[in-house]
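Below is one structure; the comments refer to it alone.
There are 2 protein chains.
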Amino acid sequence: MNRDDEHYLRQAIALARTGMERGDGGPFGCVIVKDGQVVGTGNNRVTSTNDPTAHAEVVAIRAACARLGSFQLDGCTVYTSCEPCPMCLGALYWARPARIVYAATRADAADAGFDDSLIYEELPLDPAERRYPMEHHLREEAQQVFAAWKAMGDKVKY
Amino acid sequence: MNRDDEHYLRQAIALARTGMERGDGGPFGCVIVKDGQVVGTGNNRVTSTNDPTAHAEVVAIRAACARLGSFQLDGCTVYTSCEPCPMCLGALYWARPARIVYAATRADAADAGFDDSLIYEELPLDPAERRYPMEHHLREEAQQVFAAWKAMGDKVKY
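Here the protein sequences come in this chain order: V and B. Numbers in the numbering used here are just positions in the first sequence, counted from 1, shifted up by 1. Numbers in the numbering used here are just positions in the second sequence, counted from 1, shifted up by 1.
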C-alpha cells in the first residue's frame, strides 16, 4: 500500500465514522479517486433516506459517475471502509473501476450485525432454494424483448 | 402462477420494452406490489442517466421505499422481467420483500450481451482472485468504527 492508498482509505474510514455519528446510517464510507483527484464520496444513508440501496459504495459510485458524466469508472480507484457487500460488488462490476481497496472484511461486518456474509452464502444457490424463494414464468415473452434489443441498431451498450 | 402474478409480470416485461424503445437503457423492467397495489415501478436507466446502479430493480426498490416511507419492502412482491443480477439480488436481500417473481433468466441476459452471468461467477471467488483485483489494508482502524457502532445505544438497525 502506497501513501496515497493509505490517505484515501483512511478518508473512507473517517466518512464511515462521521456518517454513523451523524445518524445517516451504518458505519461505512467510500472514496473514489481518478488521476489523483477525489471524484466521489459516500457514506451509508439507508435508514435516514429510506433507501436500502444507499450503501456507501453505491452513493459514491452515483456521485462519481454524475461528476464524470459517464456510467463507467474508467481508471478510478475505489477505496471503501469495508469489503463490499454483494450489492455493492455487483455495482462495482457494472461501473468497472481499475482497482478496489478495502479495510474491514465481510466477517467484521457480520460481527457488527450486517447481512453481507449471509448474502454471499445465498447468491450461489439455485434461485428456488434461497431464503427468499424465487419463481419464474413467461420466459418466452421476456426473451422477445431481448431479441428486440439484439436487433436494435443504435443502442448504447453498458 | 395466479392471474395477478401474470398481470404484474407482464407489466414488468412491458416496462422493459418501452424503456428500451425510449432509449432509457437496457431492456429490463420491474414492478413492486403490496396488498394489491403497485407501490413502485422501474426500468433500466443506466446509459441515459449515467448511473451504473440504475437497474430496473434498484429504480423500483428506491421508488417503492420512498412511497412506503420505509427502507424495507415488508409484504411486497417484486416482479422483474429478468432474473436479478447480483447487484439487484443483493439490493433485494437488503430490502427483504416477501416474494420475487422473474421472467427471463441470467443465461438469457448473457445471450443478449449483459454481464450478469460473469458477475455470478466472480462473486464466490476469493477477492484477490477476481477480475478486478481487490486488496485490503488498515483493517484494525476500520474495525474500531464497527466497535463504536456496536457500542452505540440509539442506532437504527437495517
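For glycine and all other residues, C-beta sits at the position ideal for the given N, C-alpha and C.
Chain-order list of residues whose beta-carbon lies under 7 Å from that of residue i (same chain, five-residue window excluded)
i: M73/B; result: A quick correction: the sequence has Gln, not Met, at residue 73/B. So the list reads A96 and R97, once near-sequence residues are dropped.
i: D25/B; result: N44, N45, R46 and S49
i: A65/B; result: I33, V40, G41, L74 and C77
i: A92/V; result: E58, V59 and I62
i: E123/V; result: R131 and R132
Residue i: contacting residues in chain B (beta-carbon distance under 8 Å)
i: Y9/V; result: Within 8 Å Cβ-Cβ: nothing; Y9/V doesn't reach chain B, min ~11 Å.
i: A168/V; result: Here chain V has residues from 2 to 159 only, and residue 168/V is not among them.
Separation of residue j from residue i, as counted between CA atoms
i: R11/B; j: S82/B; result: 8 Å
i: P85/B; j: H56/V; result: 18 Å
i: E142/B; j: T106/V; result: 12 Å
i: G114/V; j: P125/B; result: 21 Å
i: Y133/B; j: Y121/B; result: 14 Å
i: G30/V; j: R100/B; result: 31 Å
i: D52/V; j: E58/B; result: 13 Å
i: K35/B; j: T19/B; result: 23 Å
i: E7/B; j: L139/V; result: 8 Å
i: D127/V; j: F147/B; result: 32 Å
i: P89/V; j: D116/V; result: Here the sequence assigns Cys to residue 89/V, which means Pro is not the residue at that position. For C89/V and D116/V, the distance between alpha carbons rounds to 13 Å.
i: D109/V; j: Q38/V; result: 29 Å
i: Q144/B; j: W150/B; result: 10 Å
i: V157/B; j: A111/V; result: 16 Å
Partner residues on chain B for residue i, Cβ-Cβ distance less than 7 Å
i: A105/V; result: R140, A143, Q144 and F147
Close Cβ partners of residue i (< 6 Å) along its chain, the five nearest in sequence each way excluded
i: P28/V; result: A17 and M21
i: V79/V; result: I33, P98 and I101
i: T54/V; result: none
Within chain B, partners of residue i - CB distance below 9 Å
i: D52/V; result: I62, R63, C66, A67 and F72
i: I33/V; result: Those within 9 Å of I33/V in chain B number zero; the least Cβ separation is about 12 Å.
Proximal chain V residues relative to residue i, where beta-carbon distance stays under 8 Å
i: V47/B; result: F72, W95 and Y159
Chain-ordered neighbours of residue i on chain V, where CB pairs are closer than 7 Å
i: V59/B; result: T54
(request) Could you run through the segment 63-77 of chain V and flag, in chain order, every residue whose CB is less than 9 Å away from some CB of chain B? (result) Residues of the segment 63-77 of chain V whose Cβ lies closer than 9 Å to any Cβ of chain B, in chain order: R63, C66, A67, L69, G70, S71, F72, Q73 and L74.
(message) Taking beta-carbon pairs under 8 Å, can you tell me which members of the segment 80-95 of chain V lie near chain B?
(response) Within the segment 80-95 of chain V, the residues whose Cβ lies closer than 8 Å to some Cβ of chain B are S82, C83, E84, C86, P87, M88, C89, L90, G91, A92, L93, Y94 and W95, listed in chain order.
(message) For the segment 127-138 of chain V, list every residue whose C-beta sits within 9 Å of some C-beta in chain B, in sequence order.
(response) The segment 127-138 of chain V vs chain B, Cβ under 9 Å: P128, R131, R132, Y133, P134, M135, E136, H137 and H138.
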